[in-house]
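Trainee: Okay, handing you the structure first.
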Amino acid sequence: MEQLTFFELAKLLISFAVLAPSGHNSQPWSFQVVDNEIIITPDYSKRLDVVDKENRELFISLGCAVQNLQTAARHFGYNSDYIYNDGKIVVTLTKQDVCNDDPLFDAIKKRHTHRGSFTGEKIPANLLQDIKNEENVSFMIYDSQSRESEIIKRKIAEGNEIQMSDTAFKRELISWMRFNKKQVNETHNGLCYNVLGFPATPKPIGRKIVGMFLNPKAQNKTDAAVNASASHFCVFCVKENNVQNWIDLGVFLERFLLKITSDGLSYSFSNQPCEIPSLNQNLQQELAVNHYPSVIIRVGYGKEPKNFAPREEVVVRN
Ligand SMILES: Cc1cc2nc3c(=O)[nH]c(=O)nc-3n(C[C@H](O)[C@H](O)[C@H](O)COP(=O)(O)O)c2cc1C
427 MEQLTFFELA
437 KLLISFAVLA
447 PSGHNSQPWS
457 FQVVDNEIII
467 TPDYSKRLDV
477 VDKENRELFI
487 SLGCAVQNLQ
497 TAARHFGYNS
507 DYIYNDGKIV
517 VTLTKQDVCN
527 DDPLFDAIKK
537 RHTHRGSFTG
547 EKIPANLLQD
557 IKNEENVSFM
567 IYDSQSRESE
577 IIKRKIAEGN
587 EIQMSDTAFK
597 RELISWMRFN
607 KKQVNETHNG
617 LCYNVLGFPA
627 TPKPIGRKIV
637 GMFLNPKAQN
647 KTDAAVNASA
657 SHFCVFCVKE
667 NNVQNWIDLG
677 VFLERFLLKI
687 TSDGLSYSFS
697 NQPCEIPSLN
707 QNLQQELAVN
717 HYPSVIIRVG
727 YGKEPKNFAP
737 REEVVVRN
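Below you can see the structure in the form of structure tokens.
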């Protein structure tokens, strides 16, 4: 690689960081480069007031971005550390003496949230088992036919009953939907028609149609089909509900998502039971876990996406 200035290198790494997943594809981050550090600040203008009152998913998304940044840094010959301090994540980069590439680098551009059902094929157990828990983060993996998965499926259905009857939740969700190419090109964020597999429509018509389909019955029918086709469910938990733990969870989660992507697997989120405090508590009790469930994903085999979710052009300050 030609010799880059540190600022050019940082911009390159940030272009991988922003490929991380985020709630509603809100991309709630901003970046600054100072000396040998990349500073990631939450962009609260993108916060999801209704579904994510505590900013838990916002900080998990930032953690996912940190993982991409660190994975890309290793690929380009840098070690990195991150700390959360004074409301910001500071990633410090140091040049490696010996270049240790990261085997998951190629997965950064391939990772995507699967939309729709899986093929129904079972994943061999050994593919999912070699990831260890960390100090602040733990995760459980359950066969989709297991007793625990039945509990999770029940909680997803209960979550849909609550969320899809909540006008504020639906209003927020629809506000992040992009119904046609013009809207996608204007925003480069949000949940886009061509990623979700809908035909393009003028915005007012799209809002009306989606509004009609956002109800507990329709959502439960869709989720039941996806749940039945998944091979496994994974629950990611934090030891304590605080920002540091949420960031650490995001870092861990994204590593897991990159790993399963590089193994040819697909996943989708089904976070309803974590987003509603009463259900979250029930889920913790019924699964008999000590830590706090924070993210639920379904894993299986799926087709390549026709379209990837768009990303905003990043402005990097120095
Ligand atoms: C913390 C977190 C929570 C999420 N929750 C959901 C969810 O409940 N349902 C869903 O369909 N997608 C969920 N997503 C996935 C985002 O919608 C997705 O990452 C975003 O649209 C960008 O698409 P991509 O992952 O394909 O790049 C979540 C993502 C994150 C990081």
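Each residue of the sequence shown is one higher than the last, beginning at 427 in the numbering used here.
Glycine included, C-beta positions come from ideal geometry on N, C-alpha and C.
Does the structure place the stretch 719–731 close enough to the stretch 696–703 that three or more beta carbon pairs sit under 8 Å?
Mentor: Flag = yes, the stretch 696–703 and the stretch 719–731 touch.
Trainee: Per DSSP, what kind of secondary structure is Glu584 in: helix, strand or coil?
Mentor: As a working note, residue 584 is residue 158 in the sequence shown. Of the three classes helix, strand and coil, the one that applies to Glu584 here is helix, per DSSP.
Trainee: Identify every run of the alpha helix (DSSP H) within the stretch 674–742, keeping only runs that are complete inside it and at least 4 residues long; order them along the chain.
Mentor: Complete alpha helix (DSSP H) runs here, min 4: 698–701, 703–713.
Trainee: Around the C-beta of Leu430, are 16 or more other C-beta atoms found within 10 angstroms, so that it is buried, or is it exposed?
Mentor: Position 4 of the sequence shown, counting from 1, holds the residue named residue 430. Label assigned to Leu430: exposed.
Trainee: Which same chain residues end up closer than 6 Å to Val476 when comparing Cβ atoms and leaving out the 5 residues on each side of it in sequence?
Mentor: Taking the sequence shown and counting its residues from 1, one reaches residue 476 at position 50. Within the same chain, Val476 has close Cβ partners Ala594, Phe595, Glu598.
Trainee: Between which two residues does the beta strand (DSSP E) containing Thr518 stretch?
Mentor: What you label residue 518 is simply residue 92 of the sequence shown in a count that begins at 1. From DSSP, the beta strand (DSSP E) with Thr518 extends over 514–521.
Trainee: Is there contact between the stretch 609–625 and the stretch 650–670, where contact requires at least three CB pairs shorter than 8 Å?
Mentor: With a cut-off of 8 Å, the stretch 650–670 and the stretch 609–625 do not count as touching, because too few Cβ pairs lie within range.
Trainee: CB-CB under 7 Å to Tyr510, same chain, minus the five flanking residues each way: which ones, in chain order?
Mentor: Here residue 510 is taken as the residue at index 84 of the sequence shown, counted from 1. Result list for Tyr510: Val669, Gln670, Ile673, in chain order.
Trainee: Please classify Lys579: is it buried, with 16 or more other beta-carbons within 10 angstroms of its beta-carbon, or exposed?
Mentor: On the sequence shown, position 153 is the one that residue 579 refers to. With 16 or more other Cβ atoms within 10 Å, it is buried.
Trainee: Taking all protein chains shown into account, decide if Ser692 is buried (16 or more other Cβ within 10 angstroms of its Cβ) or exposed.
Mentor: In the sequence shown, residue 692 corresponds to position 266, counting from 1. Flag for Ser692 reads buried.
Trainee: Tell me whether the beta-carbon of His658 lies closer than 8 Å to the beta-carbon of Tyr727.
Mentor: Numbered from its first residue, the sequence shown carries residue 658 at position 232. Numbered from its first residue, the sequence shown carries residue 727 at position 301. Contact flag unset, no.
Trainee: I need the DSSP call for Val492, collapsed to helix, strand or coil.
Mentor: Counted from its first residue, the sequence shown places residue 492 at position 66. It is helical.
Trainee: Just how far apart, CA to CA, sit Pro630 and Glu587?
Mentor: The residue labelled residue 630 in the question sits at position 204 within the sequence shown. The residue labelled residue 587 in the question sits at position 161 within the sequence shown. Roughly 25 Å separates the two Cα atoms.
Trainee: Round the Cβ separation of Ala583 and Asp649 to the nearest angstrom and send it over; I've been treating them as touching at under 8 Å.
Mentor: Taking the sequence shown and counting its residues from 1, one reaches residue 583 at position 157. Taking the sequence shown and counting its residues from 1, one reaches residue 649 at position 223. About 7 Å separates the two Cβ atoms, so the contact holds.
Trainee: Using only CA atoms, which one of Ala498, Tyr504, Phe565, Gly637 lies nearest to Phe605?
Mentor: Position 179 of the sequence shown, counted from the start, is the residue given in the question as residue 605. Looking at the Cα atoms, Gly637 is the closest of the given residues.
Trainee: Between which residues of its own chain and Gly503 is the CB-CB distance below 6 Å, once the five residues before and five after are set aside?
Mentor: Within the sequence shown, residue 503 is the residue found at index 77, counting from 1. Taken in chain order, the residues that qualify are Gln522, Cys525.
Trainee: If we call anything under 8 Å between Cβ atoms a contact, is Thr497 one with Phe544?
Mentor: Your numbering for residue 497 matches position 71 in the sequence shown. Your numbering for residue 544 matches position 118 in the sequence shown. The answer is no: Cβ separation not under 8 Å.
Trainee: Would you give the residue range spanned by the alpha helix (DSSP H) that Ile635 belongs to?
Mentor: Here the question's residue 635 lines up with position 209 in the sequence shown. Here the alpha helix (DSSP H) through Ile635 covers 629–639.
Trainee: Between Arg743, Lys685, His501, Ala714, which has its C-alpha nearest Val552's C-alpha?
Mentor: Position 126 of the sequence shown, counted from the first residue, corresponds to residue 552. According to the sequence shown, residue 552 is Asn rather than Val. Nearest of Arg743, Lys685, His501, Ala714 to Asn552, Cα basis: Lys685.
Trainee: Just the Cα atoms here: how many angstroms apart are Glu730 and Thr539?
Mentor: Counting from one through the sequence shown, the residue named residue 730 turns up at place 304. Counting from one through the sequence shown, the residue named residue 539 turns up at place 113. Going from the Cα of Glu730 to the Cα of Thr539 covers about 11 Å.
Trainee: Mind checking who Phe457 pairs with in its DSSP beta bridge?
Mentor: Taking the sequence shown and counting its residues from 1, the one referred to as residue 457 is at position 31. BP columns for Phe457 point to Ile466, Val742.
Trainee: Distance, Cα to Cα, Gln493 vs Arg573?
Mentor: Numbered from its first residue, the sequence shown carries residue 493 at position 67. Numbered from its first residue, the sequence shown carries residue 573 at position 147. Straight-line Cα distance between these residues: approximately 32 Å.
Trainee: Among Phe432, Leu675, Ser704, whose alpha-carbon lies nearest the alpha-carbon of Glu560?
Mentor: Looking up residue 560 in the sequence shown gives position 134. The shortest Cα separation from Glu560 among Phe432, Leu675, Ser704 belongs to Leu675.
Trainee: Would you check if the distance between the CB atom of Asp469 and the CB atom of Pro454 is smaller than 8 Å?
Mentor: In the sequence shown, counting from the first residue as 1, residue 469 sits at position 43. In the sequence shown, counting from the first residue as 1, residue 454 sits at position 28. Yes, the pair counts as a contact, with Cβ atoms nearer than the cut-off.
Trainee: Spatial neighbours of Leu683 within its chain, please: CB distance less than 6 Å, with the 5 preceding and 5 following residues excluded, ordered by chain position.
Mentor: For the purposes of this step, residue 683 is identified with residue 257 of the sequence shown, where counting begins at 1. Excluding sequence neighbours, Leu683 sits near Arg537.
Trainee: Report the CB separation of Arg743 from Val652 in whole angstroms; it is logged as a contact under 8 Å.
Mentor: Here residue 743 corresponds to residue number 317 of the sequence shown, with the count starting at 1. Here residue 652 corresponds to residue number 226 of the sequence shown, with the count starting at 1. Contact doesn't hold; Cβ gap of about 40 Å is too wide.
Trainee: Is the beta carbon of His614 within less than 7 Å of some heavy atom of ligand 1?
Mentor: Indexing the sequence shown from 1 puts residue 614 at position 188. For ligand 1, not one heavy atom lies less than 7 Å from the Cβ of His614.
Trainee: In whole angstroms, what separates the C-alpha of His501 from that of Ile577?
Mentor: In the sequence shown, the residue the question calls residue 501 occupies position 75. In the sequence shown, the residue the question calls residue 577 occupies position 151. The straight-line gap from Cα to Cα measures roughly 40 Å.
Trainee: Nearest to Val460 by CA position, among Asn481, Leu474, Ile515, Phe485, is which residue?
Mentor: Within the sequence shown, residue 460 is the residue found at index 34, counting from 1. Cα-wise, what sits closest to Val460 is Ile515.
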